[in-house]
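Working notes, structure below.
There are 2 protein chains.
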Amino acid sequence: MKRRDFMQASLVGGASLMLSGCRRDEKESIKSTNINRGKKTKLTLATSWPANFPIMGTGIESFAKRCLELSGGTLDIKVYSKDVLVPALQVFDAASSGQIDAFHSGVYYWKGKNSAFSIFGGVPLRLTSDEMMTWMDFGGGYELWKETYAKFNLYPHIGGTTGPQMGGWFKKEIKSLDDLKGLKIRMPGIGGEVLQRLGATPVLLAAAEIYTALERGLIDASEWVGPFLDNMMGFPKIAPYYYKGWHEPGSILEVTFNKQKWDKLSIEHQGIIEAAAREMSVKINEEFRYKNALAYSELEDKVEIKELPSKVMDAIKIALNGVLHDEAEKNIDFKRVLKSHEDFYRLNKKWDDISTKHFLNIRS
Amino acid sequence: MKRRDFMQASLVGGASLMLSGCRRDEKESIKSTNINRGKKTKLTLATSWPANFPIMGTGIESFAKRCLELSGGTLDIKVYSKDVLVPALQVFDAASSGQIDAFHSGVYYWKGKNSAFSIFGGVPLRLTSDEMMTWMDFGGGYELWKETYAKFNLYPHIGGTTGPQMGGWFKKEIKSLDDLKGLKIRMPGIGGEVLQRLGATPVLLAAAEIYTALERGLIDASEWVGPFLDNMMGFPKIAPYYYKGWHEPGSILEVTFNKQKWDKLSIEHQGIIEAAAREMSVKINEEFRYKNALAYSELEDKVEIKELPSKVMDAIKIALNGVLHDEAEKNIDFKRVLKSHEDFYRLNKKWDDISTKHFLNIRS
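Chains as they are written, first to last, in our numbering: chain X, 3 to 366; chain L, 3 to 366.
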């Protein structure tokens, strides 16, 4: 057989082989997507961030632009920054009721709705960003998230991760467990509950209030995010000690839709949102890494990087297990989601210890 | 002002503010994408993997299906597994010449074309998978990759990453540098060059030949990928020592297009390929993590996990710097790309040491 004939034969063989494997699925998807071809869809999306807020705010704007582009102009998502349509922390309720179609926010905000949601947002001393995403996609996490959000008439997607966060800015050093007693610290979520068990007083403060409270000594310490956003807040000017993190190894952001609106979208538009949301997630994570690295290279000589003493960390681990255990006793959803998360954590950790952790420890 | 009036005012204000910020871009993208709306585009893509090969092979099939779905059936990429249209390692040349439109492969295969390409594939003891992607997107790596590939009439995208790879299967322990002298090891790329400087003999072997060569003692050791794919090759049956990795912290796969074909695609189709490629990349990385973790949990009691002694690692680091330095002297492209990579490595490492590395070391 001549080379050209052989190649044509292979081409035909290969093509028919592939078609037999996925013909039905492809035909179905073409059919269903074509139904909505050209049908213009407009959606309103509200965020919990100020307009043009770095990384998260610019990230969701790029997401909306990307959806418009990939759909040939048929999927038009209008982004409204916080407090334009609804207050920052009412986006969950507003999408649930259908007042808005979607929102971009942090999953950690909704533990008051169901404490299980805090696990989808990230757990202290557990999974990093890409581990969280792997738990979602392969360890059963996403199914549980969709199931528990469905009770609120919502359909979630991962919409970014912050990467590892820092432990916060402290006015005085933490040298022993005694230094936690009475410590007034702004630390929301499970991390704050853990420190409370060790004698600290977690204080709830809105973003705009933290700087002044820390400057005036109304609080002794505050966590925020990482070098880039922390520096923008001005913390290096008023607190000398910057602690390495333990409470947010990889917090998850979300772009979540009203479930009825989501179900009515064409398969094409649903797919575009899924792919664009994943693209946004990765870019947000990369941007955090890059800008944190840049900001830290400027900060490193100006602040003192500290690490909690190992005895304090040991006490934190015991208190954390207590917080998780007690919440699991109270809330069956929390118990189910925690079990899935912990099962994946244990499976992943053995492998990660001899792979990623090993690499990070041996490189020069 | 009534609440309703206030909200309407805000809505209008917010919307016009947004439009003024991005109206021109959006209009342009709608216009240019609509030009190609409904225009059916067929592309041929060849891979370096067997049909249905786990993770990489199934990943690229999902990518093609996704492109069809997101485009409403207008972007039809036919995937041909290795040796159907062109041999596995001729996909680069075939796409360069226009014989095929695109390929899915590993970047490390092409260092013979230009040694600089090996850096886009990953460097021993340097960046992990998400760090490589951050270097590409924010540290200038992707611009350099596009620029150097353009000389071969190619347009690259990240098309997956393997995550951290293992160091390989050894028939005898490596206790000192002496044990490397004369060691016949299958290890391609920069890693193999490093071991050669330390007295080992890197052996080139195709995948199908490795098992028999190791079983019969024709080679003393071989690297492959990680627990999941290594186990499929049967290595645990014939080599007792499984070494932690150092030579591939996060290898990059690619989905690369003939540049003329790429330039002719509509902005809509280009965007769909970019978003679907990124989605594939993340899923491939997650699938490697999950399946490696599962495979390792079954392997851990059957093999002995080993780590190279610190004196051997120190010698490897010196030899690695020598290999990189010497290649930079020979090839100006290598020198430029290496500088960009090393600049990002140094910037990132300081931050990573107090964040991700810290988290992985303190969690229980």
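By construction, the Cβ of each residue, glycine as well, lies at the ideal position given by its N, Cα and C atoms.
Taking 8 angstroms as the upper bound on Cβ-Cβ separation, chain X lies near residues 299, 302, 307, 309 of the segment 299 to 310 of chain L. Of all alpha-carbon atoms in X:363, X:223, X:106, the one lying nearest the alpha-carbon of residue 183 (chain X) is that of X:223. Around the beta-carbon of residue 49 (chain X), 16 or more other beta-carbon atoms lie within 10 Å, marking it buried. CA-CA distance, residue 199 (chain X) to residue 238 (chain L), rounds to 47 angstroms. When secondary structure is reduced to three states using DSSP, residue 186 (chain L) falls in the strand class. Judged by their CB atoms, residue 88 (chain X) and residue 102 (chain X) are nearer to each other than the 8 angstroms cut-off. Listed in chain order, the non-local C-beta contacts of residue 60 (chain X) below 8 angstroms within the same chain comprise 54, local neighbours out to five positions each way being set aside.
In the DSSP annotation of this structure, the continuous segment of the beta strand (DSSP E) that includes residue 171 (chain L) starts and ends at 170 to 172. Looking at L:365, L:44, L:148, L:209, the one whose alpha-carbon comes closest to that of residue 231 (chain L) is L:209. By the neighbour-count criterion, in which 16 or more other beta carbons inside 10 Å mark a residue as buried, residue 218 (chain L) falls on the exposed side. In this structure, residue 245 (chain X) keeps its C-beta atom at 8 angstroms or more from the C-beta atom of residue 305 (chain X). Sorting L:109, L:202, L:140 by C-alpha distance to the C-alpha of residue 151 (chain L) places L:109 at the top. In this structure, X:114 is the residue among X:75, X:114, X:76, X:77 with its C-alpha nearest to the C-alpha of residue 94 (chain X). Per DSSP, reduced to three states, the secondary structure at residue 208 (chain X) is coil, with no helix or strand assignment. Your pair residue 146 (chain X) and residue 342 (chain X) checks out as a contact, with CB atoms roughly 6 angstroms apart and the cut at 8 angstroms. Annotation: the continuous alpha helix (DSSP H) that includes residue 336 (chain X) extends over 334 to 356. Shortest Cα-Cα distance from residue 292 (chain L) to any of X:270, X:253, X:357 involves X:357. According to the DSSP assignment, residue 258 (chain L) belongs to the beta strand (DSSP E) that extends over 254 to 260. Out of X:105, X:211, X:344, X:248, the CA that lies nearest to the CA of residue 228 (chain X) is found in X:248.
Close to residue 141 (chain L), with beta-carbon spacing below 9 angstroms, are these residues of chain X in chain order: 292.
Taken in chain order, the complete alpha helix (DSSP H) segments of 4 residues or longer contained in the segment 33 to 76 of chain X are 58 to 72.
The Cβ-Cβ distance between residue 189 (chain L) and residue 170 (chain L) falls below 8 angstroms. Taking a Cβ-Cβ cut-off of 8 angstroms, residue 327 (chain L) has no neighbours in chain X, whose nearest Cβ is about 15 angstroms from it. The way I'd put it, the segment 257 to 265 of chain X doesn't touch the segment 250 to 265 of chain L; fewer than three beta-carbon pairs between them come closer than 8 angstroms. Within chain X, the residues whose beta carbon sits less than 9 angstroms from that of residue 270 (chain L) are 71, 72, 73, 74, 75, listed in sequence order.
Residue 118 (chain L) sits in coil when the DSSP states are folded into three classes, being neither helix nor strand.
At a cut-off of 8 angstroms, the C-beta of residue 264 (chain L) has no neighbouring C-beta in chain X. Boundaries of the beta strand (DSSP E) around residue 308 (chain L): 306 to 308. One finds 229, 291, 294, 295, 298, 299 in chain X with Cβ atoms closer than 8 angstroms to the Cβ of residue 353 (chain L), taken in chain order. For residue 277 (chain X), at least one C-beta of chain L is nearer than 8 angstroms to its own C-beta.
Within the model, the alpha-carbon separation for residue 84 (chain L) versus residue 91 (chain L) is close to 8 angstroms. A direct Cα-Cα distance of roughly 30 angstroms separates residue 106 (chain X) from residue 77 (chain L).
Taking a cut-off of 8 angstroms for Cβ pairs, the segment 329 to 341 of chain X and the segment 271 to 288 of chain X do not touch, as fewer than three such pairs fall below it. A straight line joining the alpha-carbon of residue 363 (chain L) with that of residue 99 (chain X) spans about 43 angstroms.
Take residue 297 (chain L), set aside five residues on each side of it, and the residues of its chain with a beta-carbon closer than 6 angstroms to its own are 229, 230, 233, in chain order. Assignment of beta-bridge partners to residue 84 (chain L) by DSSP yields no partner.
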